[in-house]
Every structure is written in C-alpha cells, then in structure tokens.
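Colleague:
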Amino acid sequence: MSLGVRARGFLELTRPGNAIAAGVLTFTGAIVAGGTLEDTLVVVAAILATVFATGAGNAVNDYFDRDIDRINRPDRPIPRGAVSADEAKWFSIALFGGAVVSALVLPLVAIAIAVVNLTALVAYTEFLKGLPGVGNVVVAALTGSTFLFGGAAIGAPLGAVVLSVLAALATLTREIVKDVEDIAGDKEEGLRTLPIVVGERPSLVFGTVVLVVAVLASAVPYLDGEFGLAYLGLVVPADVLMLAGTIRSFEDPTLAQRRLKHGMFLAAAAFIVGRVAALGGVSV
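Position in the sequence shown (first residue = 1) + 66 = the numbering used here.
#1: Rounded to the nearest angstrom, what separates K155 and L224 at their Cα positions?
#2: May I ask which residues mark the beginning and end of the alpha helix (DSSP H) holding F193?
#3: Determine the closest residue to E78 out of A122, D248 and G265, with distance taken between C-alpha atoms.
#4: Can at least three beta-carbon pairs, one atom from the region 303 to 312 and one from the region 268 to 286, be found at a separation below 8 Å?
#5: Should G101 and V109 be called a contact, given that it needs their Cβ atoms to be closer than 8 Å?
#6: Measure how close the beta-carbons of A233 and G210 come, nearest whole angstrom, since I'm counting them as under 8 Å.
#7: The alpha helix (DSSP H) with G256 in it runs from where to where?
#8: Taking DSSP as the reference, what is the three-state secondary structure of A99?
#9: Based on Cα-Cα distance, which residue from P319, G340, V264 and A206 lies nearest to D290?
#10: Report the three-state DSSP secondary structure of T80 (helix, strand or coil).
#11: I'd like to check one pair, E241 with I134: are the Cβ atoms closer than 8 Å?
#12: Using 8 Å as the threshold, is the region 258 to 267 in touch with the region 197 to 205, meaning 3 or more CB pairs across them?
#13: Judging by CA-CA distance, which residue of A160, G273, S284 and Y190 is the nearest neighbour of A322?
#14: What did DSSP end up calling I338 once you bin it into helix, strand or coil?
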C-alpha cells in the first residue's frame with residue numbers, strides 16, 4: 067500500500083471538513099465574546115485544540131464502530147484496509163494529545179470545558195451510544211460548547227452564551243431530523259434512536275418546540291441592546307430559514323436538515339456582524 071493511500075486514510079479518519087468547521091465555531095465564539103488582535107495567541111491555541119479534539123473524536127468513533135462500518139460503511143478507512151484498527155486508536159490518542167498541549171496556554175475555565183467535552187465524547191462513543199436521544203444531546207452540547215470555549219479562551223466564557231444556546235438547540239433539532247431521515251437504516255442496524263423508540267411525528271414535534279425556544283433566544287442580544295439592527299437583519303432570515311426547515315421536516319427530512327444547517331451558519335454570521343458593528347460603534 068502506497069504512503070499516499072495510507073496518509074489519505076488517516077486524514078479521512080479526522081473528517082477534516084467537520085474538524086475545520088468546529089475550529090471556525092470556536093473562532094466565532096471568541097469574536098462574539100469580544101476578542102481582539104491582542105488575543106491572537108490564545109484564540110489560535112483554542113482553534114487548534116478544537117480541531118485536534120474533533121479529529122480525535124472522529125477517529126476514535128471509527129475505531130469503536132469498525133465492525134458496524136464493515137457492513138454499512140465499507141468505504142471508511144478501517145474497513146477498506148487503508149488504516150488498521152490499532153493505528154486508528156493510537157492516531158486518535160495522538161490527536162487528543164495535540165488538543166491537550168494546545169489547551170495548556172488557555173485559561174483554566176477553557177481547559178475545564180475541553181476536559182468535559184473530551185470526557186463526554188469518549189463516554190458517549192463507548193458507553194452511551196445505545197440510549198435514545200443521548201447522542202442527539204451530546205452532539206448538541208458539544209456544538210454549543212465550542213462557542214463557550216472560544217469565549218473562555220479570551221477570558222469571557224459567557225460572552226457568547228446566547229449563541230451557544232441557540233446553536234445547541236438548533237443542533238438538537240437537526241440531529242433529531244437526521245435520525246428521522248436515517249430511520250430505515252438505523253432499524254436494520256438495531257439502533258434505538260429517538261424516532262425509533264417514540265415515533266417519527268412525536269420526535270419531530272419535540273424538535274420543533276426546541277427550535278422555537280432557540281428562535282426566542284436569538285432575540286435576546288437585540289432586546290437587551292447588545293446588538294443592533296445589523297444583527298437583526300441577519301438573524302431574522304436565519305430564524306425563518308430554520309423554522310421553515312423544521313416545518314418541512316414532516317414531509318422531507320433530507321431537505322429540512324440542510325435548511326437547518328444553512329440557517330445555523332447564517333445565525334452565526336449574524337452574531338459576528340452584530341459584534342463587529344457594536345465594537346465599531348455602529349448603532350444599526
């Protein structure tokens with residue numbers, strides 16, 4: 067096997083797109099919390115810690131799921147033989163080590179968030195995966211916490227708390243919709259996802275209620291005067307897009323979860339624009 071094929075296998079284990087996206091969320095959290103150029107070192111360290119930890123979590127997930135992937139995802143690096151199971155295990159440990167080293171220059175609160183997230187990730191992958199809804203909550207909490215982590219890196223752990231709550235709730239809804247989309251395959255695998263246990267419609271109704279709470283939370287920065295009309299001009303379309311996606315989920319979960327994802331990115335952009343406008347003294 068060529069070196070290039072093996073290198074590609076290791077890279078695929080990290081899900082590089084997801085890892086980089088997680089790093090962007092951490093950066094967003096730092097900006098929304100009020101980060102400046104003086105915070106460059108700790109922000110870069112936080113981004114690296116997030117990217118390493120996300121890559122490690124994806125790699126260790128492939129390690130634990132290797133038997134299932136031989137049936138359902140034979141194209142993954144371990145089943146197709148690009149990387150052995152032991153290599154994936156040690157690779158994930160090395161990436162976790164990179165996350166720990168990167169986090170050492172961060173404030174204690176940021177380090178605490180990183181430790182909790184890493185523990186939750188490993189615990190879910192190894193022990194909690196079969197519990198209905200738990201995976202959805204863990205993924206949602208990890209997504210939301212990336213913004214808190216970015217804020218904590220600059221000494222303002224609650225600086226992006228509203229964005230964190232919005233992201234966590236929206237992610238929870240999207241994860242539920244994805245489970246509805248995957249219900250046929252999950253039944254064949256013997257999984258006990260929330261839609262399988264309680265039904266598709268009750269799950270989607272619950273997801274809709276969760277998203278409504280997220281939309282209400284998105285109004286807080288404007289109502290308390292933290293952000294102005296520049297923020298409102300982006301977050302309202304984001305809310306509408308996510309609500310439309312949730313409603314659509316009852317008929318087309320695939321399209322719905324894409325709209326939810328796009329709405330979440332637009333909402334994150336709204337927070338960045340709101341913060342930049344506020345720092346620049348722009349009233350709108």
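Even glycine gets a Cβ: it sits at the ideal position worked out from N, Cα and C. Remember, predicted model here, so these are calculated numbers, not experimental data.
Modeller: Working from what's here:
#1: 34 Å
#2: Secondary structure note for F193: it is in no alpha helix (DSSP H), with a DSSP letter that is neither H nor E.
#3: Cα-wise, what sits closest to E78 is A122.
#4: yes
#5: For the 8 Å CB-CB criterion, G101 and V109 form a contact.
#6: 5 Å
#7: Careful: G256 lies outside any alpha helix (DSSP H) and carries neither H nor E.
#8: coil
#9: G340
#10: coil
#11: no
#12: yes
#13: G273
#14: helix
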